[in-house]
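**Student:** Numbering (full-length UniProt numbering), first residue to last: 1 to 71.
Ideal placement from N, C-alpha and C gives every residue a C-beta, glycine not left out.
Encoded as structure tokens, here's the structure I'll be asking about.
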């Protein structure tokens, strides 16, 4: 089952930050689409919920050095 989520992420300041987040999320099996925006301070992630979880996605972003803000 494919799910889509938009997360508010603070700490991204440039294209390099976007690339870093994208790289970390690409390492997760089940993630099928990523759009990171430092300007909007958000990350859109489409993923297969049978292969990964929202918690794993948030953990990857946090481990990359950024903060996922709860909405």
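Would you identify the three-state DSSP class for residue 18, choosing helix, strand or coil?
**Tutor:** Mapped onto the chain shown, residue 18 falls at position 18. Residue state, collapsed to three classes: helix.
**Student:** Within 10 Å of its beta-carbon, does residue 36 have 16 or more other beta-carbons around it, so buried, or fewer, so exposed?
**Tutor:** The count along the chain shown starts at 1 and reaches residue 36 at position 36. Buried.
**Student:** Name the DSSP beta bridge partners of residue 46, please?
**Tutor:** Here the question's residue 46 lines up with position 46 in the chain shown. 4, 33.
**Student:** Under a Cβ-count criterion, where at least 16 other Cβ atoms within 10 Å of its own Cβ denotes burial, should residue 6 be classed as buried or exposed?
**Tutor:** As a first step, residue 6 must be located in the chain shown, where it is residue number 6. Residue 6 is exposed by the Cβ-count criterion.
**Student:** Based on Cα-Cα distance, which residue from 27, 31, 15 lies nearest to residue 47?
**Tutor:** Translated into the one-based positions of the chain shown, residue 47 becomes position 47. Of 27, 31, 15, the residue nearest in Cα terms is 31.
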